[in-house]
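A.B. asks:
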Amino acid sequence: MGKRIRVQRRGRGLGRWKAPSHRFKFKLAYPSYDTIQKSGVGKAKIVNIQNDPARTVPVMIVEYNNKEYYLPATMNAYVGQEIELGIRASPAPGNIVPIGYVPEGAFVYNIELTPGDGGKLIRSSGTSARIVAHEKDYTIVKLPSKKFKRLNPMCRAIIGVAAGGGRRDKPFVKAGNKHKAMRARGKLHPVTSAVAMNAVSHPFGGKRRSTQKKLKRPVSRNAPPGKKVGSIAARRTGRRKK
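With our numbering applied, the sequence shown corresponds to residues 2 to 243, in that order.
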């Protein structure tokens with residue numbers, strides 16, 4: 002009898018597969034969308050910048066209306082910096098502006114999908130999107146994936162580029178450092194390929210020729226979990242004929 006494969010263990014959601022959310026420090030969200038932001042400009046101040054095990058980007062703690070809010074830090078942001086919020090805010094790095102009021106060609110990050118949701122897109126370190134065009138009912142944004150997305154002009158974003166862009170330039174050097182970094186976010190590391198496993202651990206495992214043939218064989222959509230690997234309900238397999 003074989004073992005439960007990795008997909009089955011992950012689906013159960015126990016132990017190794019749980020994210021250690023009890024160690025995560027901050028929940029990122031913009032200040033509530035008040036009338037000041039919708040009609041004018043508000044003032045806020047960066048009171049601290051900290052790291053969060055849950056994220057690759059530093060977190061800036063912003064004080065607005067005597068309340069603290071947590072946002073992904075802007076590149077070159079500093080403690081004591083004053084930022085503006087609202088439709089009349091200047092397009093300077095760190096300011097929070099609805100994308101419909103951001104000049105074309107400007108870089109933004111932490112973009113809302115719907116006005117007031119707190120920011121859903123472009124939140125990793127060193128990332129940014131670009132404002133491409135403004136239409137009557139929507140604004141077109143170019144994402145890092147080169148895709149273009151239409152969004153409500155009142156969706157907010159932070160002007161500039163997310164901090165921590167040089168994070169990937171520093172090598173891990175040791176496997177232990179990589180393991181700790183992945184473990185902090187609940188990620189599995191290292192990931193063993195299926196063909197390198199023993200036959201007991203995966204349908205693609207083992208060194209016999211019969212197991213190698215399974216790599217090319219499509220699997221039914223209704224296959225049981227331990228068998229549902231590889232080309233699932235594939236329309237075709239192999240290379241296309243010229």
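All C-beta atoms in this analysis are idealised placements derived from N, C-alpha and C, irrespective of residue type, glycine included.
1) Could you check where the beta strand (DSSP E) with M61 kicks off and where it finishes?
2) Mind checking which residues open and close the beta strand (DSSP E) that includes R151?
3) Can L86 be considered in contact with the ligand FMN, in the sense that its beta carbon sits closer than 8 Å to one or more heavy atoms?
4) For a minimum of 3 consecutive residues, which ranges assigned as the beta strand (DSSP E) are wholly contained in the region 50-115?
5) Please list, in chain order, all residues of the same chain as T229 whose beta carbon is under 7 Å from its beta carbon, the five residues on each side excluded.
6) Inspect the beta-carbon positions of I132 and V162 and report whether they are closer than 9 Å.
7) Jot down the residue ranges of each uninterrupted alpha helix (DSSP H) in the region 186-234, minimum 4 residues, whole runs only, in chain order.
8) Quick check on A164: does DSSP put it in helix, strand or coil?
9) Quick one: what does DSSP say I141 is sitting in, helix, strand or coil?
10) What's the call for K46, buried or exposed, on a 16-neighbour Cβ count within 10 Å?
11) Where does R241 fall in DSSP's three states?
12) For K39, which three-state DSSP category applies?
13) With DSSP run on the structure shown, which of helix, strand or coil describes K46?
14) With distances taken from CA atoms, which of G81, N66, K147 and A107 is nearest A93?
15) How long is the line joining the alpha carbons of V58 and S22, rounded to whole angstroms?
16) For G119, tell me which candidate among V48, M76 and R157 has the shortest Cα-Cα distance.
17) Touching or not, the region 138-157 and the region 115-129, by the rule of three or more beta carbon pairs under 8 Å?
18) What is the DSSP secondary structure of R5, counted as helix, strand or coil?
19) Using 9 Å as the threshold, is the C-beta distance between V48 and E64 below it?
C.D. replies: If we stick to the structure as given:
1) By one-based count along the sequence shown, residue 61 stands at place 60. Per DSSP, M61 belongs to the beta strand (DSSP E) from V60 to Y65.
2) On the sequence shown, residue 151 is found 150 positions in, with the first residue counted as 1. F149 to L152 is the extent of the beta strand (DSSP E) around R151.
3) With respect to the ligand FMN, the structure offers nothing, as it holds no ligand at all.
4) 60-65, 68-73, 83-86, 97-99 and 108-110
5) For this step, residue 229 is matched to residue 228 along the sequence shown. Residue 229 is actually Lys in this sequence, not Thr. V220, listed in sequence order.
6) In the sequence shown, counting from the first residue as 1, residue 132 sits at position 131. In the sequence shown, counting from the first residue as 1, residue 162 sits at position 161. No. Outside cutoff.
7) 210-214
8) Taking the first residue of the sequence shown as position 1, residue 164 is located at position 163. A164 falls in the coil class under three-state DSSP.
9) Position 140 of the sequence shown, counted from the first residue, corresponds to residue 141. Residue state, collapsed to three classes: strand.
10) Walking along the sequence shown from the start, residue 46 turns up at place 45. Classification for K46: exposed.
11) The residue you call residue 241 lines up with position 240 of the sequence shown. Three-state result, R241: coil.
12) As a working note, residue 39 is residue 38 in the sequence shown. It is helical.
13) Locating residue 46 in the sequence shown gives position 45, counting from the first residue. If DSSP states are grouped into helix, strand and coil, K46 belongs with the strands.
14) As a position in the sequence shown, residue 93 is number 92, starting the count at 1. When only C-alpha atoms are compared, the closest one is A107.
15) Residue 58 sits at position 57 when you count from the first residue of the sequence shown. Residue 22 sits at position 21 when you count from the first residue of the sequence shown. Distance between the alpha carbons of V58 and S22: 17 Å.
16) The count along the sequence shown starts at 1 and reaches residue 119 at position 118. Answer by Cα proximity: R157.
17) yes
18) Taking the sequence shown and counting its residues from 1, one reaches residue 5 at position 4. Note: R5 maps to coil in three-state DSSP.
19) For the purposes of this step, residue 48 is taken as residue 47 along the sequence shown, with counting starting at 1. For the purposes of this step, residue 64 is taken as residue 63 along the sequence shown, with counting starting at 1. Going by C-beta atoms, V48 is nearer than 9 Å to E64.
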